Amino acid sequence: HLAFQADNFEEAHKKHEEMGCICFENEAMGIYFIEDPDGYWLEVLP
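Reading the sequence shown from the start, the letters are residues 21 to 66 in the working numbering.
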């Protein structure tokens, strides 16, 4: 999978949550994954 570091993690999380594309979230690790239109999971890191 691919992973990206967000410049503003909270803002990115809010936007992805509004878009409904978060497919998995691990709050203990502070990461989440979004699913792109082709079904690929992309990891978002703080």
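We treat Cβ as the ideally placed atom computed from N, Cα and C, and that holds for glycine. Fair warning: this is a prediction, and the values are worked out from it, not measured in the lab.
Taking the Cα positions, F24 is about 18 Å away from G40.
Beta bridge pairing from DSSP links N46 with I51. Sixteen is the threshold: since fewer than 16 other Cβ atoms of the shown chains lie within 10 Å of the Cβ of H21, the residue is exposed. Nearest Cα to K35 within the set M49, F53 and Y60: F53.
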